[in-house]
Amino acid sequence: MANGTIAGNPAEVSFYEYDGKRKGIAGWLLTLDHKRIGILYLISMLSFFAVAVTLGFLMRLEMLSPGETIMKAQTYNSIFTLHGVIMVFLFIIPGIPAVFGNFIMPIQIGAKDVIFPRLNLMSWYLYIIGGAIAIVSLFTGGGIMDTGWTFYAPYSLRSTANISLSVFAAFVLGFSSILTGLNFVTTIHRMRCPGMTFFRMPLFCWGLYSTAWIQILATPVIGITLLLIILERFFGIGVFDPNKGGDPLLYQHLFWIYSHPAVYIMILPAMGVVSDIIATFTKKDIFGYVPIALSSLAIAFVGYLVWGHHMFTSGMSDTARVIFSFLTFLVAIPTGVKVFNWTASLYKGSIDMRAPMLYVMAFIVVFSIGGLTGLVLGTLDTDIHLTDTYFVVAHFHYVMFGGMGLLFFASLHYWFPKMFGRMYNEKTAKVACWVFVVGFNTLYFPMFIMGYLGMPRRYYDYLPEFQIWHVIATVGSWIMITGMIIMFVNLIRGLYKGAIAPENPWGSTTLEWKVPSPPPLENFDEIPVVTHGPYHRDWEDDSLEVVKEVKKH
Amino acid sequence: MSHNSETLAHEVHEGGHAHRDDVGSKMGIWLFLFTELLLFGGMFILYASYRYIYPNDFKAAALELDPILGAVNTVILLTSSLTVVLGIVALTKNNAKLCMTYLWITQVCGLAFLVNKYFEWTHKIHLGIYPNGPALDDMAQGERVFFGLYYTMTGLHGLHVIVGMAFIGFVMWFIHKKYITSTNLQKLENSGLYWHLVDIIWIFLFPLFYLIH
Chain A
1 MANGTIAGNP
11 AEVSFYEYDG
21 KRKGIAGWLL
31 TLDHKRIGIL
41 YLISMLSFFA
51 VAVTLGFLMR
61 LEMLSPGETI
71 MKAQTYNSIF
81 TLHGVIMVFL
91 FIIPGIPAVF
101 GNFIMPIQIG
111 AKDVIFPRLN
121 LMSWYLYIIG
131 GAIAIVSLFT
141 GGGIMDTGWT
151 FYAPYSLRST
161 ANISLSVFAA
171 FVLGFSSILT
181 GLNFVTTIHR
191 MRCPGMTFFR
201 MPLFCWGLYS
211 TAWIQILATP
221 VIGITLLLII
231 LERFFGIGVF
241 DPNKGGDPLL
251 YQHLFWIYSH
261 PAVYIMILPA
271 MGVVSDIIAT
281 FTKKDIFGYV
291 PIALSSLAIA
301 FVGYLVWGHH
311 MFTSGMSDTA
321 RVIFSFLTFL
331 VAIPTGVKVF
341 NWTASLYKGS
351 IDMRAPMLYV
361 MAFIVVFSIG
371 GLTGLVLGTL
381 DTDIHLTDTY
391 FVVAHFHYVM
401 FGGMGLLFFA
411 SLHYWFPKMF
421 GRMYNEKTAK
431 VACWVFVVGF
441 NTLYFPMFIM
451 GYLGMPRRYY
461 DYLPEFQIWH
471 VIATVGSWIM
481 ITGMIIMFVN
491 LIRGLYKGAI
501 APENPWGSTT
511 LEWKVPSPPP
521 LENFDEIPVV
531 THGPYHRDWE
541 DDSLEVVKEV
551 KKH
Chain B
1 MSHNSETLAH
11 EVHEGGHAHR
21 DDVGSKMGIW
31 LFLFTELLLF
41 GGMFILYASY
51 RYIYPNDFKA
61 AALELDPILG
71 AVNTVILLTS
81 SLTVVLGIVA
91 LTKNNAKLCM
101 TYLWITQVCG
111 LAFLVNKYFE
121 WTHKIHLGIY
131 PNGPALDDMA
141 QGERVFFGLY
151 YTMTGLHGLH
161 VIVGMAFIGF
171 VMWFIHKKYI
181 TSTNLQKLEN
191 SGLYWHLVDI
201 IWIFLFPLFY
211 LIH
């Protein structure tokens with residue numbers, strides 16, 4: 001690395017130092033190594049995340065007092081749309097699979113890479129192109145989109161803002177997501193090392209596997225829906241335009257057929273992370289491994305059938321609404337299976353409350369609040385009262401940000417030593433977690449109350465009686481952002497000044513901790529052979545070896 | 001040892017796959033074909049819904065289309081699917097030249113399909129039957145939706161024909177360069193599968209638009 005010419009034995013130097021044919025920046029931008037691609041995703045994703053957080057911060061500032069505070073109504077519409085689009089399409093949906101899935105999953109299944117490395121790089125380029133198109137759409141055409149992230153017809157057909165280009169950006173991002181999913185499913189089927197049966201895979205891989213199927217099966221539907229919006233805007237084909245006989249409700253159906261399962265794209269890999277972290281920091285085999293693995297598939301499956309609960313108030317038959325309500329409740333069963341099994345895994349565990357574990361504990365609490373309020377929204381009569389109020393805003397922030405967001409941070413801390421070969425400061429990380437969680441609840445919990453009292457979402461102005469809640473929420477946003485700043489400063493400091501990380505700092509049992517930190521180019525010197533489940537601890541053997549060398553490659 | 005690993009690393013990260021996995025490669029293309037089916041699936045759902053809402057308008061609109069043209073195109077596409085298969089068989093028997101001939105026939109069929117489609121569309125457009133066109137704006141709402149779907153679905157299908165032709169074109173180039181041979185024809189098979197998909201989608205579009213009255 002020092003002189004940029006080392007291209008020695010890839011088994012001895014880390015993948016950062018092994019340059020291959022191309023040096024420097026080209027070595028990164030043209031890399032086919034899943035680990036480098038994971039890092040590329042991490043950098044680009046955190047950049048978009050920072051932008052979206054700033055937009056959220058500005059929105060909260062605007063809501064500090066009734067009437068115009070810091071921006072005009074149209075600007076507010078654009079900012080909440082942009083915040084939603086960036087967060088959903090550029091951070092929450094691809095987040096964990098693209099970053100940690102890419103980096104960790106092949107190592108966890110004992111593979112040297114994903115099965116289609118070129119396709120993997122192409123996915124990243126599609127992601128960047130999609131992001132770039134979204135940015136270009138801000139400054140061209142009729143200006144920043146103002147439809148909300150759902151692009152509901154007929155408004156999205158009539159708005160003079162630059163909808164077509166933003167929708168096209170989402171289409172390209174969808175393509176990226178499909179290709180990643182396709183790559184992961186094939187990799188998990190074909191690249192597992194000897195002895196790594198499906199039921200010996202770490203639960204993170206199960207989460208990714210279920211997610212990848214949703215990516216493959218749901219994303220094309222939103223692809224076509226978004227394409228129709230574009231065609232409708234350019235040529236007026238009339239499929240969703242009520243003036244021409246089209247039905248805007250069909251738009252909502254098609255949109256949510258994808259976008260509800262997308263919620264599970266966000267959360268399933270995150271739940272896989274929880275299982276891995278709990279097994280590590282309780283020093284126990286995970287309780288009910290098989291039910292947890294299968295519940296991921298069950299959530300993925302039932303998740304397809306529940307889109308209608310987004311449309312309880314948009315006009316559907318009563319029968320349909322009751323059925324969708326019932327199916328929505330069904331998702332609680334596999335989710336409950338997971339949460340109860342995690343809790344059982346904690347029982348009599350030797351719990352080591354490190355930063356990743358702290359984030360996981362926070363997740364369980366916060367996500368339970370999000371899940372239970374989901375039941376309130378899935379119930380027909382309460383939903384009709386609460387639809388399109390701040391209650392919904394609070395609910396999905398608890399589920400998405402409190403779910404995927406918190407676990408993204410947990411993964412970042414958990415795999416930080418593996419990815420970068422350095423440790424962060426444990427104490428600071430815990431402080432950051434506490435500040436973040438306090439801020440998070442101060443920010444979003446008042447929204448439940450506001451929503452219950454009738455504050456509609458997406459409104460720029462509000463009645464004075466809501467102000468107290470908005471002030472609390474805005475102050476909460478400051479605390480939460482402070483927590484994130486402490487966290488990232490700590491991580492970045494660790495990147496440069498942290499102690500050198502050992503191979504397995506947490507005493508984990510899964511395969512990625514059996515290779516050096518950071519891993520060498522091809523992950524494994526010898527192809528590992530797995531002889532038992534992922535969380536098995538052999539207490540007699542002090543080194544906790546899972547891998548047995550059998551053959552040279 | 002050091003040298004070996006380095007070469008291997010180059011194969012993995014610079015050149016291609018260190019290990020060839022035909023089954024994995026075929027799995028990948030099948031999964032991709034699923035996504036294509038679902039893409040069209042969304043459109044088929046729209047078609048079904050609107051047909052349910054406007055049964056009479058759909059009948060009236062379908063009478064505007066020429067089943068002869070559609071049938072000709074169906075025959076053309078079915079033939080092209082056959083020639084792709086014959087091409088694959090020819091290459092497994094080490095007859096690259098015959099394979100190329102069959103693939104050329106496939107390409108010509110694809111082109112013929114598109115030319116036929118072009119004449120069909122321009123004729124309709126000439127009559128004023130296109131979104132926001134004079135004739136279509138006078139029609140009933142259901143007929144307008146019908147033609148909206150007609151242009152979108154056949155247009156999207158036409159786009160897939162072009163993509164399929166490009167796919168086969170690349171494969172032909174690879175066969176010409178001997179990158180694809182009788183022992184390594186996964187790419188050829190994959191392009192064939194893609195072409196069959198394009199064919200199958202048309203087989204559904206044809207009756208839905210041209211035959212059901």
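Protein chains in written order, with the working numbering: chain A, 1 to 553; chain B, 1 to 213.
Heads up, the beta-carbon is just placed ideally off N, CA and C, and yes, glycines get one too.
Everything numeric in this text was worked out from a predicted model, so none of it was measured.
Asked                                                                                                                       : Found
Buried versus exposed call for B:Gly-142 [16 or more other C-beta atoms within 10 Å across all chains shown]                : buried
Heavy atom of the ligand SAH within 7 angstroms of A:Met-311 beta-carbon                                                    : What this structure holds is no ligand at all, so the ligand SAH is not there to describe.
Delimiting residues of the alpha helix (DSSP H) encompassing A:Glu-232                                                      : 203-235
Neighbour-count burial assignment, A:Lys-427, 16 or more Cβ in a 10 Å radius                                                : exposed
Whether A:Pro-417 touches A:Val-13 by CB criterion (8 angstroms)                                                            : no
CB contact flag (A:Met-487, A:Ala-429, <8 angstroms)                                                                        : yes
Cβ neighbour criterion (16 or more within 10 Å) applied to A:Ser-314                                                        : exposed
Cβ-based contacts, 7 angstroms cut-off: residues of the region 302-324 of chain A near chain B                              : none
Endpoints, the alpha helix (DSSP H) within which B:Asn-132 is located                                                       : Looking at the DSSP string, B:Asn-132 is not in any alpha helix (DSSP H), and its letter there is neither H nor E.
Chain B within 8 angstroms of A:Val-167, Cβ atoms only                                                                      : no
Cβ neighbours of A:Met-196 in the same chain (closer than 6 angstroms, five flanking residues each side left out)           : Ile-109, Gly-110 and Val-530
Close Cβ partners of A:Ser-78 (< 6 angstroms) along its chain, the five nearest in sequence each way excluded               : Ile-144 and Asp-146
For A:Ser-14, the three-state DSSP class (helix, strand or coil)                                                            : strand
Extent of the continuous alpha helix (DSSP H) to which A:Asn-102 belongs                                                    : 102-108
Touch test, the region 203-216 of chain A against the region 18-27 of chain B, Cβ-Cβ under 8 angstroms, three pairs minimum : no
Beta-carbon proximity check, A:Trp-307 vs A:Ile-257, cutoff 8 angstroms                                                     : yes
Every unbroken beta strand (DSSP E) inside the region 470-504 of chain A [3 residues or more]                               : none
Nearest-angstrom beta carbon gap, B:Tyr-50 and B:Leu-136 [assumed within contact, 8 angstroms]                              : Wrong, their Cβ atoms sit about 15 angstroms apart, outside the cutoff.
Beta carbon proximity, A:Phe-416 to chain B, threshold 8 angstroms                                                          : no
Rounded C-alpha distance that separates A:Ile-321 from A:Leu-375                                                            : Sequence inspection shows Arg at residue 321 of chain A; the Ile mentioned does not correspond to that position. Going by the C-alpha atoms only, they are around 14 angstroms apart.
Inter-residue Cα distance where the pair is B:Tyr-47 and A:Leu-249                                                          : 14 angstroms
Short CB-CB distance (under 8 angstroms) between A:His-385 and chain B                                                      : no
Cutoff 6 angstroms; reference A:Gly-4; Cβ partners in own chain excluding five residues on either side                      : Note that A:Gly-4 scores a pLDDT of 38, beneath 50, so its modelled location is shaky; the value from the coordinates is reported in the next line. Closer than 6 angstroms at Cβ, skipping near neighbours: Lys-23.
Entirely enclosed alpha helix (DSSP H) segments - the region 84-134 of chain B, minimum 4 residues                          : 96-126
Presumed contact (8 angstroms Cβ cut-off) between A:Ile-115 and A:Thr-187, rounded CB distance                              : 5 angstroms
Nearest-angstrom Cα separation, counted from A:Pro-106 out to A:Ile-178                                                     : 18 angstroms
Straight-line gap, B:Leu-222 to A:Gly-236 (C-alpha atoms, nearest Å)                                                        : For chain B, the structure presents residues 1 to 213; residue 222 of chain B sits outside this window and is missing.
Span of the alpha helix (DSSP H) around B:Leu-37                                                                            : 22-53
Whole-Å CB distance - A:Met-404 paired with A:Ile-267, under 8 angstroms assumed                                            : 6 angstroms
Rounded Cβ spacing between A:Val-274 and A:Val-360 (contact assumed at less than 8 angstroms)                               : 5 angstroms
Cβ neighbour criterion (16 or more within 10 Å) applied to B:Tyr-52                                                         : exposed
Within-8 angstroms CB hit, A:Pro-269 to chain B                                                                             : no
Residue-level contact to chain B via CB, A:Asn-338, 8 angstroms cutoff                                                      : Position check: residue 338 of chain A holds Lys in this sequence, whereas Asn was assumed. No, A:Lys-338 lies away from the interface with chain B (no Cβ there is under 8 angstroms from its Cβ).
Cβ-based contacts, 9 angstroms cut-off: residues of the region 184-205 of chain A near chain B                              : Val-185, Thr-186, Thr-187, His-189, Arg-190 and Met-191
Residue ranges of each alpha helix (DSSP H) within the region 326-403 of chain A, 4 or longer                               : 332-346, 355-378, 380-386 and 390-396
Per-residue burial, A:Met-353 [other beta carbons within 10 Å of its own, 16 or more giving buried]                         : exposed
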